[in-house]
């Protein structure tokens with residue numbers, strides 16, 4: 137049960153200069169609150185990660201939060217690179233693989249997927265509903281192998297079940313604003329799940345929640361951050 141929520145605006149400077157890729161002070165504060173015990177094995181159980189997340193409005197901010205929290209989690213990082221190509225014979229054939237690797241499309245994992253054992257992840261596709269591997273299912277990484285991810289389901293009817301997740305092929309629509317061609321990307325259908333967008337959180341049940349709203353202050357990626365933390369109930373941390 138959530139017992140408190142605290143406005144953290146007083147800890148932020150609206151004129152703070154934010155370097156590209158840096159973590160603003162207000163964002164760091166809410167990360168501290170929500171992930172204070174991620175390296176304590178007696179507290180950071182599957183239930184601990186299943187019952188907390190940070191919500192925000194855009195995928196770009198979600199990625200920034202996930203990267204920041206992943207760096208705090210102990211253990212070695214594993215990087216998985218996708219295999220990218222163009223799905224049809226059109227102008228996309230003129231694009232080098234290096235260019236395709238830079239394309240990021242909503243609903244498709246990035247070219248470089250960085251994960252750690254023990255980290256929470258979320259499914260991006262309905263891989264096998266009978267096994268509980270549905271879009272939005274949250275899991276925790278057990279073991280990272282070159283061609284498969286061993287994970288434990290943390291949510292839903294299959295909670296506690298161990299599964300193996302392979303790489304699959306994603307194909308973009310081809311008419312999206314993100315890409316003028318149909319991108320074909322082979323990658324694991326998961327992303328880190330320390331944070332998620334508000335839309336992605338629909339249908340999720342989380343006891344300990346942090347919310348972040350951002351207001352674009354200038355075209356130079358300078359933001360004023362507004363953070364609100366719903367502080368965890370100590371009795372629900374295990």
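Numbering (the numbering used here), first residue to last: 137 to 374.
Just so it is clear, CB atoms sit at the ideal spot from N, CA and C, and this is done for glycine as well.
No experiment lies behind these values; they were computed from the predicted model shown.
Item, Value
"Backbone secondary structure at residue 214 - three-state DSSP", "strand"
"Residue 166 versus residue 204 - alpha carbon distance", "12 Å"
"8 Å Cβ shell around residue 209 - same chain, five flanking residues per side excluded", "174, 175, 252, 254, 255"
"Other residues of its chain near residue 223: CB distance less than 6 Å, five sequence neighbours each side excluded", "307, 318, 320"
"Boundaries (first-last residue) of the alpha helix (DSSP H) holding residue 237", "233-237"
"Beta-bridge pairing of residue 221 - partner residues as DSSP gives them", "320"
"Contact test: residue 274 Cβ vs the ligand FAD heavy atom, cutoff 6 Å", "This structure does not include the ligand FAD; it has no bound ligands of any sort."
"Sequence-distant residues of the same chain with beta carbon closer than 7 Å to residue 186, five excluded per side", "274, 290, 291"
"Residue range of the unbroken alpha helix (DSSP H) whose run includes residue 208", "195-208"
"Residue 165 in three-state terms, based on DSSP", "helix"
"Three or more C-beta pairs below 8 Å linking the stretch 326-337 and the stretch 195-204", "yes"
"Cβ neighbour criterion (16 or more within 10 Å) applied to residue 352", "The pLDDT assigned to residue 352 is 39, lower than 50, so where the model puts this residue is not dependable; a value taken from the coordinates is nonetheless given after this. Burial call: exposed."
"Closest residue to residue 193 among 335, 295, 277 (Cα-Cα distance)", "335"
"Assigned exposure category for residue 238 - 16 Cβ within 10 Å defines buried", "exposed"
"Residue range of the beta strand (DSSP E) that includes residue 298", "298-302"
"Cβ separation of residue 268 and residue 294, assumed to be a contact under 8 Å, to the nearest whole Å", "3 Å"
"Euclidean distance between Cα positions of residue 281 and residue 323", "13 Å"
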